[in-house]
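> Quick one: this structure, given as structure tokens, is what I'll be asking you about.
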Amino acid sequence: MSNPPYSVGKTTQLSQTQSVAAGQIVGNAITLTEKVALVKFGVWLPQAVAGCRLRLSVYSDNAGSPGAPVAYSAELIGLTVGNQQLDPEGGQSFLNAGTYWLMAHYGCATIMYDFDDNAQPDLKYQTVAYVNGAAPPSALPAIMTLSTYAVNNYLSIRTIN
0 MSNPPYSVGK TTQLSQTQSV AAGQIVGNAI TLTEKVALVK FGVWLPQAVA GCRLRLSVYS
60 DNAGSPGAPV AYSAELIGLT VGNQQLDPEG GQSFLNAGTY WLMAHYGCAT IMYDFDDNAQ
120 PDLKYQTVAY VNGAAPPSAL PAIMTLSTYA VNNYLSIRTI N
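Mapping the sequence shown onto numbering that gives the first Met the number 0, position 22 (from 1) lands on 21, and the numbers just tick up by one.
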């Protein structure tokens, strides 16, 4: 029986760019309708930055905002233009059905792809010190909202039967 991976989030390159500050963590909510295994984390990057670090993470939902981290990717060191896929590195290897926040944490000032799709969910962001080689922040204080914007983060997942 075949069980190919599929993706959730924004898997194709978005059409606009936005500045990102060093330490900024940004992302959107995703909804899973079934229990899944994490296969890959993904992000589209519009700018190469040698030595810049990036980590993708999945946070639980806490009343419509990111709660606590539940899984995270390997750290990307050196941004290159295009579609980047990262292996899961820490936290849970599976996610139950529910709402989660897929966040990208940037260790340098750069640009990211985004798009105002005039739809929910909203983009959530905050600036939190990026620590090289460390797991994602355990809490995101005073999370801010940019209404109806989406960013180019996604997950490749596989159904768990």
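Quick reminder that beta carbons are idealized off the backbone N, C-alpha and C, glycines included. In this text, all values refer to a predicted model and were calculated from it rather than measured experimentally.
Would you mind giving the Cβ-Cβ distance between proline 65 and tryptophan 100, rounded to the nearest angstrom? I have them listed as a contact below 8 angstroms.
4 angstroms
> Does DSSP put serine 56 in a helix, in a strand, or in coil?
strand
> Whose CA, out of Cys107, Val69, Asp115 and Leu55, lies closest to the CA of leucine 154?
Leu55
> Run the CB neighbour count on aspartate 113, radius 10 Å, all protein chains shown included, and call it buried at 16 or more, exposed below.
buried
> Quick check on DSSP: helix, strand or coil for glutamine 12?
coil
> Kindly indicate the opening and closing residues of the beta strand (DSSP E) around threonine 79.
Where threonine 79 is concerned, there is no enclosing beta strand (DSSP E), given that its DSSP letter is neither H nor E.
> Just curious, the beta strand (DSSP E) that glutamine 23 is in, first and last residue?
23-31
> Starting from the Cα of alanine 70, find the closest Cα among Arg52, Pro45, Val35 and Gln46 and give me that residue.
Val35
> Under 8 angstroms, with one C-beta from each stretch per pair, do the region 84-96 and the region 142-152 reach the 3-pair mark?
no
> Return the chain-ordered list of same chain residues with a C-beta closer than 7 angstroms to the C-beta of threonine 98, the five sequence neighbours on each side being excluded.
Ala28, Thr30 and Asp60
> If you draw a straight line from the alpha carbon of threonine 32 to that of alanine 128, how long is it in whole angstroms?
33 angstroms
> Comparing C-alpha positions only, which one of Ile156, Val150 and Ile142 sits nearest to glutamine 17?
Val150
> State the start and end residues of the unbroken beta strand (DSSP E) segment that holds threonine 147.
That residue, threonine 147, is in no beta strand (DSSP E); it is neither H nor E in DSSP.
> Suppose the cutoff is 8 angstroms on Cβ atoms and the five residues either side in sequence are ignored; what does the same chain contact list for glycine 132 look like?
If the five residues before and after glycine 132 are omitted, its C-beta is found closer than 8 angstroms to the C-beta atoms of Glu74, all from its own chain and listed in chain order.
> By Cβ distance below 7 angstroms, which residues in the same chain neighbour alanine 47 in space, the five residues on each side in sequence not counted?
Within the same chain, alanine 47 has close Cβ partners Leu78, Thr79 and Val80.
> Does the beta-carbon distance from proline 45 to methionine 111 come in below 8 angstroms?
yes
> Compute every distance between the C-beta of tyrosine 5 and the non-hydrogen atoms of the ligand FAD, then say whether any falls below 7 angstroms.
As presented, the structure is devoid of all ligands, the ligand FAD included, so that no description of it is given.
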